[in-house]
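A.B. asks:
There are 4 protein chains.
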Amino acid sequence: MSTTVVSVAIAYHSGYGHTTRMAESVEEGVRSVAGATAGTVRLDDLTEEDWARLDAADAIVFGSPTYMGSASPVFHAFAAASSERWYGQRWKDKVAAGFTTSGSPSGDKLNTLQYFTVFAAQHGMHWVNLDLLPGDTENDPNRLGGWLGAMGRCPVDQGPESMPKGDLLTAAHLGRRVAGHARLLRTARTLATA
Amino acid sequence: MSTTVVSVAIAYHSGYGHTTRMAESVEEGVRSVAGATAGTVRLDDLTEEDWARLDAADAIVFGSPTYMGSASPVFHAFAAASSERWYGQRWKDKVAAGFTTSGSPSGDKLNTLQYFTVFAAQHGMHWVNLDLLPGDTENDPNRLGGWLGAMGRCPVDQGPESMPKGDLLTAAHLGRRVAGHARLLRTARTLATA
Amino acid sequence: MSTTVVSVAIAYHSGYGHTTRMAESVEEGVRSVAGATAGTVRLDDLTEEDWARLDAADAIVFGSPTYMGSASPVFHAFAAASSERWYGQRWKDKVAAGFTTSGSPSGDKLNTLQYFTVFAAQHGMHWVNLDLLPGDTENDPNRLGGWLGAMGRCPVDQGPESMPKGDLLTAAHLGRRVAGHARLLRTARTLATA
Amino acid sequence: MSTTVVSVAIAYHSGYGHTTRMAESVEEGVRSVAGATAGTVRLDDLTEEDWARLDAADAIVFGSPTYMGSASPVFHAFAAASSERWYGQRWKDKVAAGFTTSGSPSGDKLNTLQYFTVFAAQHGMHWVNLDLLPGDTENDPNRLGGWLGAMGRCPVDQGPESMPKGDLLTAAHLGRRVAGHARLLRTARTLATA
Chain A
14 MSTTVVSVAI
24 AYHSGYGHTT
34 RMAESVEEGV
44 RSVAGATAGT
54 VRLDDLTEED
64 WARLDAADAI
74 VFGSPTYMGS
84 ASPVFHAFAA
94 ASSERWYGQR
104 WKDKVAAGFT
114 TSGSPSGDKL
124 NTLQYFTVFA
134 AQHGMHWVNL
144 DLLPGDTEND
154 PNRLGGWLGA
164 MGRCPVDQGP
174 ESMPKGDLLT
184 AAHLGRRVAG
194 HARLLRTART
204 LATA
Chain B
14 MSTTVVSVAI
24 AYHSGYGHTT
34 RMAESVEEGV
44 RSVAGATAGT
54 VRLDDLTEED
64 WARLDAADAI
74 VFGSPTYMGS
84 ASPVFHAFAA
94 ASSERWYGQR
104 WKDKVAAGFT
114 TSGSPSGDKL
124 NTLQYFTVFA
134 AQHGMHWVNL
144 DLLPGDTEND
154 PNRLGGWLGA
164 MGRCPVDQGP
174 ESMPKGDLLT
184 AAHLGRRVAG
194 HARLLRTART
204 LATA
Chain C
14 MSTTVVSVAI
24 AYHSGYGHTT
34 RMAESVEEGV
44 RSVAGATAGT
54 VRLDDLTEED
64 WARLDAADAI
74 VFGSPTYMGS
84 ASPVFHAFAA
94 ASSERWYGQR
104 WKDKVAAGFT
114 TSGSPSGDKL
124 NTLQYFTVFA
134 AQHGMHWVNL
144 DLLPGDTEND
154 PNRLGGWLGA
164 MGRCPVDQGP
174 ESMPKGDLLT
184 AAHLGRRVAG
194 HARLLRTART
204 LATA
Chain D
14 MSTTVVSVAI
24 AYHSGYGHTT
34 RMAESVEEGV
44 RSVAGATAGT
54 VRLDDLTEED
64 WARLDAADAI
74 VFGSPTYMGS
84 ASPVFHAFAA
94 ASSERWYGQR
104 WKDKVAAGFT
114 TSGSPSGDKL
124 NTLQYFTVFA
134 AQHGMHWVNL
144 DLLPGDTEND
154 PNRLGGWLGA
164 MGRCPVDQGP
174 ESMPKGDLLT
184 AAHLGRRVAG
194 HARLLRTART
204 LATA
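Keeping their order, the protein sequence lines are chains A, B, C and D.
The first sequence begins at 14 in this note's numbering and counts up by one.
The second sequence begins at 14 in this note's numbering and counts up by one.
The third sequence begins at 14 in this note's numbering and counts up by one.
The fourth sequence begins at 14 in this note's numbering and counts up by one.
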């Protein structure tokens, strides 16, 4: 059997580059899966072509910093604009997942991930969670202890280059998991309609 | 003792007028309290004067429609812009409360109210909840069964004039409760510093 | 190709029978899918055999009334006891979904569903959401407007026989969707290991 | 004016002692406020006398470990049992706040605090948030970055004696803040009815 090709879009906004680091790690994770292609979509400059890529993707991974307890205004503008897709349930049955960053270990990041799940639920998407026990050190995946998605934490006075290795590993793991899951579903759907 | 004067700002965004109806009811509720003044602040057109009014208020009631599972992008832009106040904890100890509307009875409105509480918490504000048992009919306060704030529901194909009486009563009750609570705190603080 | 057989366990607690009505509808929905078997697990009387059934299931649908803003104590006792499975990630990659009931239209049911998603996420399960636009009448699926799972509402002074048709249709739809999704995944996994 | 006397009850459950450490710090914080008395109520062994103390308190601070994404079953049993108070709105207008502990920095603790706010909202209580900017080190208050309440984190293989100083300072600060706020309200109410 030839390898199924699935596409994963990483739809994100980054304020100062930390979330971009996470997005890049998600992308690497996706690409490590045979038959999976990855592409990032910057939400602060959405083109019609970007929307078309999202519409065509097997999976969308949502990413945003956590600002004042939720995703950034750029993300929320994108979410509201997606209501057009919602009316027609055009993203129904796509795979979805999410990641977020903030300056504190907890930092209300969970509220952003919860919002992502509510948002994806409205679209009828299938939410992929992390299958990682909590880590111990800054170098361990899931060192912050989150499961609805990948959390990254970097002190506010440090640049994106300081994102802890553990958080990037978490993001890469999420990308891998999403791609593998999307590939599984694509295989089965292709078979079902063969 | 002369009546303490407290000011309540209603900071809201409305897409099609339903949330404006709720805001007006909150305002009426505030005004029914002796010594309380109310003023609305439209978040889609924030001026420096508006920010000054928010800074000076004893209480801020946040309002927004629920779009795709959270507050509107206009509200989130306001929230992110308020981070400047957050750094200096300038809104600390103000009273806070919230209301939201959507087209379905549940409609993920609770997620918007939960977000409001997380947002107000970051500002160190004091959150006022509803003290209303659930209502039975469209004319009863709290007919939808919400407690973190006031919920309004109007079918999407009906205009603001169709907002059920019960939901407007809920909003008015919240305004009254916020104003009474803010007045109580103001009285005590005035006394403490006398 | 012979029909894939998948098993869906409905793990629920019901206080007064309303949630049982929803569970039965979920069960009917599952059974309407070719190759899917359904079984209910009453959480207030969990046996070792029940745990074994949950361990063996392809999908688990969680159900509980919403009491004071969350799932019932019986459900939470079950959830805490499942931590043994969590350590070994034994439920990882199972499909998960949820439903809840309460006496008000909104009634903080969303908080229970959000809790279910956080709980399922810790187990590394895949969360299935509803793909239903909001309904209009008591007879329509998703008439309450929820997407993280199926919501049922029945006034507190009415018995389980009064559960609105729309809510039972929502539950049946969820069961069907979970079974179809689980079958798809099982098909693909069987193929992948063939 | 003589000092107003207010009572703060700390209603909590602890599994292995970490949450007890936090409760003790909350208690110390309360006691540092002139005119405030503190008492703990262990939720795993609730007596009628305990319920009477809760009924009589000006403020109740809720505490629980976070197990599988929410408060412990002991806490949820208490919450469900409190529905009797809810019907009569007997805890209405009391001050409320919360704290939780878990083994990871984020560890879904926010979901437990969000649940506490929803629970307190149903009771019509007034929720007190933290007024603390995030800390930097293990010795700083609010080092984890939480605002809805006090978060404590201790690795699962370490005993209660290892609870970081910063988390205990956060808990003490919360106790102080709750007591001060409750005293302010009591002063004003006493005056209003004088």
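Just so you know, even glycine gets a beta-carbon here, dropped at the ideal spot from N, CA and C.
Since the model is a prediction, treat every value here as computed from it, not as a measurement.
In its own chain, which residues sit with a C-beta less than 7 Å from the C-beta of Val169/B, not counting the 5 before and 5 after it?
C.D. replies: Contacts found: Gly116.
A.B. asks: Could you check the C-alpha separation between Ala36/A and Arg66/D for me, to the nearest Å?
C.D. replies: About 52 Å.
A.B. asks: Please classify Asn142/B as buried or exposed, where buried requires at least 16 other C-beta atoms within 10 Å of its C-beta.
C.D. replies: Buried, because 16 or more other Cβ atoms sit within 10 Å of the Cβ of Asn142/B.
A.B. asks: When DSSP labels each residue in this structure, what does Ser83/D get in the three-state scheme?
C.D. replies: Ser83/D: strand per DSSP, three-state reduction.
A.B. asks: For the segment 119 to 205 of chain C, which segments carrying the alpha helix (DSSP H) assignment without a break, of at least 4 residues, lie completely within its bounds, in sequence order?
C.D. replies: Here the runs fully enclosed are 122 to 135, 178 to 205.
A.B. asks: For Ser38/C, list the residues DSSP reports as bridge partners.
C.D. replies: Ser38/C is not bridged to any residue.
A.B. asks: At a Cβ threshold of 8 Å, is Met164/B touching chain C?
C.D. replies: It does: the Cβ of Met164/B has a partner Cβ on chain C nearer than 8 Å.
A.B. asks: Give the interface partners of Asn124/A over in chain D, defined as CB-CB distance under 8 Å, in chain order.
C.D. replies: Chain D residues near Asn124/A: Leu123, Gln127.
A.B. asks: Quick one, which residues of the segment 102 to 124 of chain D are near chain A if we go by CB-CB under 8 Å, in chain order?
C.D. replies: Flagged, chain order: Ser115, Gly116, Ser117, Pro118, Ser119, Gly120, Asp121, Lys122, Leu123, Asn124.
A.B. asks: Where Gly120/D and Pro154/D are concerned, what is the direct C-alpha to C-alpha distance, given to the nearest angstrom?
C.D. replies: Their Cα atoms are separated by approximately 18 Å.
A.B. asks: Report back the beta-carbon spacing between Lys105/D and Asp144/B to the nearest angstrom; my notes put them in contact at under 8 Å.
C.D. replies: Contact flag correct, Cβ pair sits at about 5 Å.
A.B. asks: How should Met14/C be labelled, buried or exposed, when 16 other C-beta atoms within 10 angstroms of its C-beta is the threshold for buried?
C.D. replies: The pLDDT assigned to Met14/C is 46, lower than 50, so where the model puts this residue is not dependable; a value taken from the coordinates is nonetheless given after this. Exposed is the call here.
A.B. asks: To the nearest angstrom, how far is it from the Cα of Thr205/B to the Cα of Ala47/D?
C.D. replies: Thr is not the amino acid found at residue 205/B; the sequence shown has Ala there. About 13 Å.
A.B. asks: Cβ atoms of Arg199/D and Val19/D: under 8 Å apart, would you say?
C.D. replies: A contact, by the Cβ cut-off of 8 Å.
A.B. asks: Starting from Tyr210/D, follow the alpha helix (DSSP H) in both directions and report where the run begins and ends.
C.D. replies: For residue 210/D there is no data in the structure shown, the boundaries of chain D being 14 and 207.
A.B. asks: At the 8 Å Cβ level, is Trp140/C part of the contact set with chain B, yes or no?
C.D. replies: Not closer than 8 Å to any Cβ of chain B, the Cβ of Trp140/C fails to qualify, so no.
A.B. asks: Return the residues of the segment 162 to 191 of chain B that lie within a Cβ-Cβ distance of less than 7 Å from chain D, sorted by chain order.
C.D. replies: Answer set for the segment 162 to 191 of chain B: empty.
A.B. asks: Considering just the uninterrupted stretch of the alpha helix (DSSP H) at Arg66/A, what are its terminal residues?
C.D. replies: Arg66/A -> alpha helix (DSSP H) spans 61 to 69.
A.B. asks: Decide yes or no for the touch test of the segment 172 to 181 of chain B against the segment 175 to 187 of chain D: beta carbon pairs closer than 8 Å, at least 3 of them.
C.D. replies: Too few Cβ pairs lie closer than 8 Å, so no.
A.B. asks: How would you call Tyr29/C, buried or exposed, if buried means at least 16 neighbouring beta carbons within 10 angstroms?
C.D. replies: Answer is exposed; the Cβ neighbour count stays below 16.
A.B. asks: Can you tell me which of the three DSSP states Met14/D falls into?
C.D. replies: Bear in mind that the predicted position of Met14/D carries a pLDDT of just 46, short of 50, making it unreliable; the figure below should be weighed with that in mind. Residue state, collapsed to three classes: coil.
A.B. asks: Does any CB atom of chain B fall closer than 8 Å to the CB of Val131/A?
C.D. replies: Chain B, which has a Cβ nearer than 8 Å to the Cβ of Val131/A, makes this yes.
A.B. asks: Exposed or buried, Ser175/A, counting other C-beta atoms within 10 Å across all chains shown (16 or more means buried)?
C.D. replies: The residue in question, Ser175/A, is exposed, as its Cβ has fewer than 16 Cβ neighbours within 10 Å.
A.B. asks: Look up Thr53/B in the DSSP assignment and give the residues it is bridged to.
C.D. replies: Answer is Ile23/B, bridged to Thr53/B.
A.B. asks: Closest to Val107/C by C-alpha separation, out of Leu146/C, Glu61/C, Ala70/C, Arg189/C, would be which residue?
C.D. replies: First, the residue type needs correcting, since residue 107/C is Lys and not Val in the sequence shown. Taking only the C-alpha atoms, the option nearest Lys107/C is Ala70/C.
A.B. asks: Taking any Cβ of chain C, which residues in the segment 59 to 88 of chain D have a Cβ under 9 Å from it, in chain order?
C.D. replies: From the segment 59 to 88 of chain D, only Tyr80, Met81, Gly82, Ser83, Ala84, Ser85, Pro86, Val87, Phe88 have a Cβ closer than 9 Å to chain C.
A.B. asks: What whole-angstrom Cβ distance do Ala109/C and His89/C have, given they're in contact under 8 Å?
C.D. replies: Contact flag wrong, Cβ pair sits at about 16 Å.
A.B. asks: Going by C-alpha distance, which of His194/C, Arg103/C, Thr125/C is nearest Trp64/C?
C.D. replies: The candidate whose alpha carbon is nearest that of Trp64/C is Arg103/C.
A.B. asks: I'd like to know whether the C-beta of Leu157/B is nearer than 8 Å to at least one C-beta of chain C.
C.D. replies: With 8 Å as the cut-off, Leu157/B counts as an interface residue toward chain C.
A.B. asks: Quick check: the segment 92 to 103 of chain C against the segment 152 to 167 of chain C, are at least 3 beta-carbon pairs closer than 8 Å?
C.D. replies: Because the criterion of three Cβ pairs below 8 Å is not met, the segment 152 to 167 of chain C and the segment 92 to 103 of chain C do not touch.
A.B. asks: Name, please, each residue of chain C whose Cβ falls closer than 8 Å to the Cβ of Pro147/B.
C.D. replies: Correct list: Gly116, Ser117, Gly120.
A.B. asks: Return the residue from the list Ala24/D, Glu61/D, Ser96/D, Thr33/D that minimises the CA-CA distance to Gly172/D.
C.D. replies: For the residues Ala24/D, Glu61/D, Ser96/D, Thr33/D, the minimum Cα distance to Gly172/D belongs to Thr33/D.
A.B. asks: Do Leu146/C and Val131/A come within 8 Å of each other at the CB atom, strictly closer than that value?
C.D. replies: The answer is no: Cβ separation not under 8 Å.
A.B. asks: How about Ala93/C and Ser77/D: are their beta carbons less than 8 Å apart?
C.D. replies: Going by C-beta atoms, Ala93/C is not nearer than 8 Å to Ser77/D.
A.B. asks: Let's see if you can read the secondary structure: which residues bound the beta strand (DSSP E) around Gly8/B?
C.D. replies: The structure shown does not extend to residue 8/B, since chain B is modelled only from 14 to 207, so the question has no answer here.
A.B. asks: Counting only beta-carbon atoms, is Arg202/B nearer than 8 Å to chain D?
C.D. replies: Yes, Arg202/B lies at the interface with chain D (some Cβ there is under 8 Å from its Cβ).
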